[in-house]
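Heads up: the sequence shown runs through residues 1 to 222, numbered per UniProt numbering.
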Amino acid sequence: MKGILDKQQVADLFIDQHSVMVGGFMANGAPELLIDILLDSKLRDLHLISTDTAMPDKGSGRLITAKRIKRLTASHIGLNPNTGKQMFAEELDVELVPQGSLAERIRCGGAGLGGVLTPTGLGTLAAENKRVIEVEGQQFLLELPLRADIALIKASKADERGNLFYAKTTRNFNPLMATAATLVIAQVDEIVAKGQLEAESIATPGIFVDYLYCPAHQNQKE
């Protein structure tokens, strides 16, 4: 891990047209404070990679509502009417991916693999413009790996080395996305001294985390 950032330092890392992975599942475990900073930055034309677009006023859905996203890769958009409206108005380019396939594409991006073969989506819209490969008489879609310029993730605790602990279902896509981005920023509720996290509780090793953002820690320093 490189360090702990304040709000302005986080904002300085964002660039127009970046691809951004945002953790969370229906806004549970979403990095809301990092999304606040992204919205304050006035950046536009981003490529959002997220399991869903949450609700209009929660999670990654707020980026859709503010029309900061030009391209979207997600598995579910049904709870955010703004996503559908922008898609049908041709303001937003949407790639819908089955959730398991989305997870595997991100996993491949993090592991340096060339893709994953899956039968999911064969004969549907999800198969459009994708290669079909036959293995031992069975057909599979080739799903290509996904990576992003930046991953914004949320964890409950971090230690001073950037190791992350996620409470219960807030874990969801966050650890996976931490492996598949050039730059990883983790919003955390608390930073503890090294050695205070049980090894078995660490879901994201600090080697995957570039920066931490923790307003509570900043307030303690001040």
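Backbone N, C-alpha and C fix where the C-beta goes; we use that ideal spot for every residue, glycine too. It should be emphasised that the depicted structure is a prediction, and the values quoted were computed from it without experimental measurement.
Counting beta carbon pairs with one atom in the region 70 to 85 and one in the region 47 to 61, are three or more of them shorter than 8 Å?
The region 47 to 61 makes contact with the region 70 to 85: 3 or more CB pairs, one atom from each, lie closer than 8 Å.
Count the other C-beta atoms from every protein chain shown that fall within 10 angstroms of the C-beta of V97, then say buried if there are 16 or more, exposed otherwise.
buried
When we look at the beta-carbon of R147 and count the other beta-carbons within 10 Å, is it buried (16 or more) or exposed?
It is buried - the Cβ of R147 has at least 16 other Cβ atoms within 10 Å.
Determine which residues share a DSSP beta bridge with E190 and list them.
According to DSSP, E190 bridges with K157.
Proximity to S14 [Cα-Cα], best of G29, P175, D36
It is worth fixing the name first, because residue 14 is Phe in this sequence and not Ser. Closest option to F14, judged by alpha-carbon separation, among G29, P175, D36: D36.
Apart from the five residues just before and just after D210, which ones in its own chain have a Cβ nearer than 6 Å to its Cβ?
Answer for D210: K2, L183, V184, listed in chain order.
Top-ranked residue by Cα proximity to L164, from L144, G137, G195:
G195
Where L212 falls: helix, strand or coil (DSSP):
In the three-state scheme derived from DSSP, where H, G and I count as helix and E and B as strand, L212 is classed as strand.
Hey, quick one: how far does the alpha helix (DSSP H) through G110 stretch, first residue to last?
99 to 111
Does DSSP put K70 in a helix, a strand or coil?
Three-state result, K70: strand.
Nearest to L33 by alpha carbon, out of M55, N129, K7, H18?
K7
For P56, collect the residues of the same chain with a Cβ closer than 6 Å to its Cβ; drop the 5 residues on either side in sequence, then sort them by chain order.
If we look at P56 and ignore the five residues flanking it on each side, its Cβ neighbours are T65, N80, N82.
Whole-Å CB distance - T118 paired with E91, under 8 Å assumed
In fact, because the Cβ distance is near 30 Å, the residues do not count as touching under 8 Å.
contact_flag[the region 155 to 170, the region 187 to 207] where n(CB pairs < 8 Å) is 3 or more
yes
Secondary structure of L33, DSSP reduced to three states:
helix
Excluding the 5 residues flanking I69 on each side, which residues of the same chain have their C-beta closer than 7 Å to its C-beta?
L46, L48, L63, L92
Would you check if the region 126 to 134 and the region 195 to 206 touch, i.e. whether three or more CB-CB distances between them fall below 8 Å?
no
Segment limits, beta strand (DSSP E) that includes F140:
138 to 143
Between the C-alpha atoms of A27 and D16, what's the straight-line distance to the nearest angstrom?
23 Å
Taking its Cβ as the centre, do 16 or more other Cβ atoms sit within 10 Å of F173, making it buried, or is it exposed?
buried
Grab me the residues of R71's own chain with a C-beta within less than 6 Å of its C-beta, minus the 5 sequence neighbours each way, in chain order.
Leaving aside the five residues that flank R71 on each side, the residues in its chain whose CB is nearer than 6 Å to its CB run, in chain order, H47, D93.
Please classify D6: does DSSP put it in a helix, a strand, or coil?
Reduced to three states, the DSSP call for D6 is coil.
Quick check on the burial criterion: 16 or more other C-beta atoms within 10 angstroms. Buried or exposed for T179?
buried
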